[in-house]
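Novice: Just so we're aligned, residue 1 is where the sequence shown starts under UniProt numbering, counting upward by one. Cβ atoms here follow ideal geometry from the backbone N, Cα and C, with glycine treated the same way. What you are looking at is a predicted structure, and each value in this text was computed from that prediction instead of being measured.
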Amino acid sequence: MAALSVSASRTAAPRVLRSRAAGKLLLLALLTAVLLPFLSRWGNGTWPHDLTVSLSKPLTSASNWVIDNRDSHPLFLYFFGYISNAVVLCVRAVYLVLLAAGWTGVTVFGALVAWRVAGVRLAAGTALALLTGGALGMWVPTMQTLALMVAAVLASVVVGALLGLAAGLSDRLDRALRPVLDTMQVLPAFAYLLPVVLVFGIGVPAAVLATVVYAAPPMARLTALGLRGADPEVLEAVESLGATRRQRLLTARIPLARGELLLGLNQTIMMALSMAVIASVIGAGGLGDRVYQALASVDVGQALAAGIPIVLLAIVLDRVTAAAGDDRTAHTSSLPHPSYPRTIGWAYALAVTVAVALAGRLLHGLNWPTGWTLEIAAPVNRAVDWMTAHLYSGVPVVGGTADWAGHFTTWILDPVRSGLQGLPWWSVLLIVAALAWLIGTWATALTAVLAMAAIGVLGVWDPALDTLSQVLAAVAVTLVLGFATGIAAARSDRVERVLRPVLDVFQTMPQFVYLIPVVALFGVGRAPAVAAAVVYALPAVVRITAQGLRQVDPAALESARSLGATGRQQLWQVQLPLARRSLLLAVNQGVVLVLAVVIIGGLVGGGALGYNVAFGLAQGDLATGLVAGAAIVCLGLMLDRVTQPTGRRAKKGA
């Protein structure tokens with residue numbers, strides 16, 4: 001009887017969905033038939049010039065006014081100026097402390113912190129990561145990046161925690177902040193650069209503030225989630241003891257939210273590192289600047305020398321901060337005596353660091369020894385030259401990486417771009433509206449259409465469709481590879497064990513680093529940008545897919561096996577339908593991550609909106625950059641609204 005009821009519910013749901021979709025499709029067809037004669041006069045694919053608003057002159061005038069008044073207007077002198085000076089002082093103070101500690105002091109302190117938090121293995125890994133940066137000749141840029149990161153993370157944690165605290169304790173503020181945080185988390189990192197450059201100019205203050213704005217939302221969201229998820233019974237027990245509201249917050253809510261707070265810290269640190277590297281475009285300096293300058297001159301060896309410390313830093317920071325939230329007492333045995341207070345261990349670590357730093361100063365060993373530097377740029381460039389000569393083209397039968405990139409551009413990217421740009425503008429809006437409405441609601445469709453129409457009004461319709469064509473191609477490849485790999489990982493424990501460390505490494509690497517190998521393999525152009533986007537988004541799709549399939553109710557699989565279903569039938573008829581929520585979430589995350597890297601791909605020949613932003617930053621043409629940045633915001637909002645409501649509906653139906 002129960003099996004019949006489950007079967008009936010499962011067959012009734014698709015009928016409801018089909019009837020719902022059919023009704024919407026009929027209504028859309030009717031509206032299209034009515035509106036088609038009125039829209040036929042705009043039959044070409046170009047956005048009508050009459051519907052375009054030129055913002056070049058007002059934006060140029062505004063940017064010129066800001067530049068002319070930075071040193072005289074009270075708003076800049078007594079508000080933005082103080083913020084800028086405070087940021088510079090904080091970053092410089094951290095940088096001077098790192099330099100004063102010397103390479104031995106910084107390495108020992110990093111290793112001791114990792115030992116106290118995560119154990120001996122991660123302590124050794126932390127020391128190895130820092131020493132590798134010095135051995136590659138990147139000690140000073142590494143310290144510059146760390147100094148900027150420390151200042152940005154501290155500010156991000158404070159801002160995010162305060163916003164999360166407000167949202168966690170107030171329903172009204174939670175409703176007000178949620179759409180803002182939703183929008184901020186789907187925007188590509190490039191979109192944050194131009195507004196801060198306009199106000200603060202090129203330099204460290206703009207880089208730090210862009211990093212804070214980019215990295216604070218995860219801390220805010222997870223803080224609010226942790227506070228709202230506190231056990232009601234514990235809160236009621238604390239309240240029954242006569243605790244005030246502040247006491248309940250400090251002694252119950254915040255301790256119960258410790259896991260979410262540490263997860264928020266982990267996500268904030270990783271996003272801050274990613275943004276600190278990207279912010280090299282606006283004068284952040286450090287390792288990101290070395291990568292940026294090397295990519296600009298196609299010096300893969302120098303880019304790799306700076307990219308390796310970035311990757312190692314990302315892995316170490318991710319592991320240490322993740323381990324901090326695993327177990328409160330996992331590493332208390334690291335202390336001389338388990339009963340000692342935890343502060344004793346930190347006091348030992350600080351004392352050893354100071355002693356090592358003083359010893360290094362007395363021995364004149366603060367700077368990294370020049371004789372201990374390993375030059376890898378020249379050998380790597382020779383390897384790239386060999387690869388270019390032997391793998392880039394002319395490989396028998398399979399061609400070469402240049403041929404693959406060329407064929408992908410000719411047979412996929414060019415037709416998709418031409419097809420999108422050849423469609424009448426109103427048909428693009430109708431398609432967006434139809435997809436958003438079929439997947440979500442009329443409000444979702446209205447938001448998506450308005451976002452897409454705003455791109456046309458800004459006058460960047462064709463570059464936006466070029467970007468969209470790259471996103472669609474990258475998403476298609478990502479989903480095919482991600483779903484196939486995720487299914488394999490879900491069905492085989494051995495495959496899952498092999499993939500786990502690889503996915504861990506790829507998910508911690510900043511976006512900028514992915515450009516290095518694709519430039520070495522494919523040169524510059526749209527195909528390398530798409531390849532970098534696929535590699536960046538693939539781990540998230542694989543993980544979400546595998547997790548969703550593994551969480552399918554075992555009783556449903558057992559029932560299917562008892563009925564004689566084969567492995568393929570179990571996958572297609574049981575696992576995939578029941579994992580629909582996870583698969584839709586994987587699609588949404590894949591789209592958002594792909595867009596972020598496709599935009600950065602403008603630095604390596606991807607063109608379109610990403611190139612416009614990079615051009616505006618490099619040439620000081622803030623009008624062009626700001627218009628492109630606004631279009632990126634609208635494109636990201638549209639893509640998120642077209643995919644995200646699906647996940648919400650799936651959650652409701654779960």
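Starting from ASN85, follow the alpha helix (DSSP H) in both directions and report where the run begins and ends.
Specialist: 81–118
Novice: Would you be able to state if there are at least three C-beta pairs under 8 Å between the segment 629–644 and the segment 219–226?
Specialist: no
Novice: Which whole runs of the alpha helix (DSSP H) in the segment 229–253 are 4 residues long or more, in chain order?
Specialist: 232–240, 245–248
Novice: Indicate the three-state DSSP secondary structure (helix, strand or coil) for ASP71 in the structure shown.
Specialist: coil
Novice: Using a Cβ-Cβ cutoff of less than 7 Å, which residues in the same chain neighbour GLY606 once the five nearest sequence positions on both sides are dropped?
Specialist: If we look at GLY606 and ignore the five residues flanking it on each side, its Cβ neighbours are GLN470, ARG526, ALA529, VAL598.
Novice: Please list the segments of the beta strand (DSSP E) lying wholly inside the segment 174–201, counting only runs of 3 or more residues, in order along the chain.
Specialist: none
Novice: Which word fits ILE310, buried or exposed, when buried means at least 16 other C-beta atoms lie within 10 angstroms of its C-beta?
Specialist: buried
Novice: What's the gap between the Cα of ASP621 and the Cα of PHE615?
Specialist: 7 Å
Novice: Quick check: the Cα distance between VAL513 and VAL153, rounded to an integer number of angstroms?
Specialist: 20 Å
Novice: Going by DSSP in three states, SER339 sits in which element: helix, strand or coil?
Specialist: The predicted position of SER339 is uncertain, since its pLDDT is 44 and thus under 50; a value taken from the coordinates is nonetheless stated next. Residue state, collapsed to three classes: coil.
Novice: Excluding sequence positions up to five away, which residues of its chain have a Cβ less than 6 Å from the Cβ of SER582?
Specialist: ILE544, GLY548
Novice: Where do the N-terminal and C-terminal ends of the alpha helix (DSSP H) with SER54 fall, by residue?
Specialist: Note, SER54: premise wrong, no alpha helix (DSSP H); not H, not E.
Novice: Can you give the Cα-Cα distance for ALA166 and LEU173, rounded to whole angstroms?
Specialist: Rounded to whole angstroms, ALA166 and LEU173 show a C-alpha spacing of 7 Å.
Novice: Helix, strand or coil: how does DSSP classify PRO369 here?
Specialist: coil
Novice: To which residues of the same chain is GLU496 closer than 8 Å at the C-beta, ignoring the five residues directly before and after it?
Specialist: ALA489, ALA490, ALA546
Novice: Please return the same chain residues whose Cβ sits closer than 6 Å to the Cβ of PRO141, not counting the five positions on each side in sequence.
Specialist: GLY286, LEU287, ARG290
Novice: Rank VAL120, VAL117, ALA127, LEU89 by C-alpha distance to the C-alpha of VAL106 and give the top, closest one.
Specialist: ALA127
Novice: Suppose contacts are defined by Cβ-Cβ distances below 8 Å. Is ILE278 in contact with ILE600 by that definition?
Specialist: yes
Novice: Figure out for me which residue from LEU250, ALA243, LEU265 has the closest Cα to the Cα of LEU227.
Specialist: Per the Cα distances, LEU250.
Novice: Taking just the CA atoms, how far does MET275 sit from GLY102?
Specialist: 26 Å
Novice: With a threshold of 16 other CB atoms inside 10 Å of the CB of PRO217, please say whether the residue is buried or exposed.
Specialist: Buried, since its Cβ has 16 or more Cβ neighbours within 10 Å.
Novice: Measure how close the beta-carbons of GLN144 and TYR214 come, nearest whole angstrom, since I'm counting them as under 8 Å.
Specialist: Actually they are not in contact, since the Cβ atoms of GLN144 and TYR214 sit about 19 Å apart, beyond 8 Å.
Novice: Quick one: grab the DSSP three-state call for ASP621.
Specialist: coil
Novice: For a test of the three-state rule: what should DSSP assign to ASP553, helix, strand or coil?
Specialist: Of the three classes helix, strand and coil, the one that applies to ASP553 here is coil, per DSSP.
Novice: Would you kindly report the start and end of the unbroken alpha helix (DSSP H) that includes ILE376?
Specialist: Premise fails: ILE376 is in no alpha helix (DSSP H) and is neither H nor E.
Novice: Am I right that ILE282 and ALA377 are in contact with their C-beta atoms under 8 Å? What's the rounded C-beta distance?
Specialist: Actually they do not touch by this definition, with Cβ atoms about 25 Å apart.
Novice: Should LEU593 and ALA531 be called a contact, given that it needs their Cβ atoms to be closer than 8 Å?
Specialist: no
Novice: Any idea if ALA555 is buried or exposed, counting beta-carbon neighbours within 10 angstroms, 16 or more meaning buried?
Specialist: exposed
Novice: Less than 8 Å separating the beta-carbons of VAL298 and VAL199?
Specialist: no
Novice: Where GLY164 and ASN588 are concerned, what is the direct C-alpha to C-alpha distance, given to the nearest angstrom?
Specialist: 24 Å
Novice: For ALA237 and ILE254, what's the separation of their Cα atoms in angstroms?
Specialist: 15 Å
Novice: Under the assumption that ALA474 contacts VAL534 (Cβ atoms under 8 Å), give the Cβ distance between them as a whole number of angstroms.
Specialist: 5 Å
Novice: With a threshold of 16 other CB atoms inside 10 Å of the CB of GLN619, please say whether the residue is buried or exposed.
Specialist: exposed
Novice: Would you mind reading off the limits of the alpha helix (DSSP H) that contains TYR292?
Specialist: Per DSSP, the unbroken alpha helix (DSSP H) holding TYR292 starts and ends at 286–296.
Novice: Among the candidates LEU98, VAL457, ASP504, whose CA atom is the shortest distance from the CA of ALA314?
Specialist: ASP504
Novice: On the criterion of 16 or more Cβ atoms from any shown chain inside 10 Å, does PRO510 qualify as buried, or is it exposed?
Specialist: buried
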